[in-house]
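For the sequence shown, position 90 matches number 90 in the UniProt record's numbering, and the numbering has no gaps at all.
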Amino acid sequence: MLDLGSDMVFRVGIPAKHLIPSASEQCEFTVDDASIFQSYKENISHLDISEPRKAELALNAVAASRFHKPMMPKSWFFDTQSISCEPESGEVVTLQTPLGTAKFIVIENSGCASLCMMVDIEPLALSSTKEMRFCDTIKVMNDRITAYEEDVMLNLALVG
Numbered sequence: 001m002l003d004l005g006s007d008m009v010f011r012v013g014i015p016a017k018h019l020i021p022s023a024s025e026q027c028e029f030t031v032d033d034a035s036i037f038q039s040y041k042e043n044i045s046h047l048d049i050s051e052p053r054k055a056e057l058a059l060n061a062v063a064a065s066r067f068h069k070p071m072m073p074k075s076w077f078f079d080t081q082s083i084s085c086e087p088e089s090g091e092v093v094t095l096q097t098p099l100g101t102a103k104f105i106v107i108e109n110s111g112c113a114s115l116c117m118m119v120d121i122e123p124l125a126l127s128s129t130k131e132m133r134f135c136d137t138i139k140v141m142n143d144r145i146t147a148y149e150e151d152v153m154l155n156l157a158l159v160g
């Protein structure tokens, strides 16, 4: 749990088995946490999810960056991409399975693999029996990641 002050406490949505032991203790929300939170909020500001969900995602991302246990990549669920990607922490990226595509935010890039948190509200099927949900985390090799490109529609008028 993160103590946000003013009698506000945030309970992290990450399963306890994925968190280091100190995550179960009462933890202050530090200045560094606030800075990381703001960075995540700015990077997800353009996404088409509600403001409360953006706040939840950013808080879970802060908690994951601070308390997530190291894990081995589970890249086999995702398609290899032809273009190499070196994602930065906080960057929104795309991962694709044979069953669908979803957006993720990079929590940590350890060189050849990245810990990612799912951004999309709709579940992503990894296989016929396994799926990921909003704020679930997974570590994948960077050759599975593509940069997220937002579709921007411009309304232009011809003058003259």
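For each residue, glycine too, the CB sits at the ideal point set by N, CA and C.
Shorter than 6 Å, the distance from the beta carbon of VAL93 to the closest heavy atom of the ligand ZN, or not?
By its list of ligands, the structure shown contains no ligand whatsoever, and the ligand ZN lies outside what it can speak to.
Could you round the C-beta distance between ARG11 and PHE78 to whole angstroms and report it? I think they count as a contact, below 8 Å.
As a first step, residue 11 is located in the sequence shown; it is residue number 11 there, counting from the start. As a first step, residue 78 is located in the sequence shown; it is residue number 78 there, counting from the start. Rounded, the Cβ-Cβ distance is 29 Å, inconsistent with contact.
Exposure label - ALA34; buried when at least 16 CB within 10 Å
Mapped onto the sequence shown, residue 34 falls at position 34. Looking at its Cβ environment, which holds fewer than 16 other Cβ atoms inside 10 Å, ALA34 is exposed.
Could you compute how far the alpha carbon of SER89 sits from the alpha carbon of GLY111?
Position 89 of the sequence shown holds residue 89. Position 111 of the sequence shown holds residue 111. Rounded to whole angstroms, SER89 to GLY111 spans 11 Å at the Cα level.
May I ask you to report which of helix, strand or coil DSSP gives GLU131?
For the purposes of this step, residue 131 is taken as residue 131 along the sequence shown, with counting starting at 1. Strand.
Going straight from the alpha carbon of ILE138 to that of SER50, what length do you get?
Here residue 138 refers to the residue found at position 138 when the sequence shown is read from its first residue. Here residue 50 refers to the residue found at position 50 when the sequence shown is read from its first residue. Near 23 Å, if we compare the C-alpha coordinates of SER50 and ILE138.
In three-state DSSP terms, what is GLN38?
Walking along the sequence shown from the start, residue 38 turns up at place 38. In this structure, GLN38 counts as helix in the three-state DSSP scheme.
Would you identify the three-state DSSP class for SER45, choosing helix, strand or coil?
The sequence position of residue 45 within the sequence shown is 45, counting from 1. If DSSP states are grouped into helix, strand and coil, SER45 belongs with coil.
So, with DSSP's three-state summary, where would you put PHE77?
Your numbering for residue 77 matches position 77 in the sequence shown. Helix, per DSSP.
Given THR146 as reference, the closest of VAL159, GLU86, LYS130 and GLU131 once Cα atoms are compared:
For the purposes of this step, residue 146 is taken as residue 146 along the sequence shown, with counting starting at 1. Among VAL159, GLU86, LYS130 and GLU131, the Cα nearest to that of THR146 belongs to GLU86.
Buried or exposed (CB count within 10 angstroms, at least 16 for buried), ALA113:
Position 113 of the sequence shown holds residue 113. ALA113 should be labelled buried.
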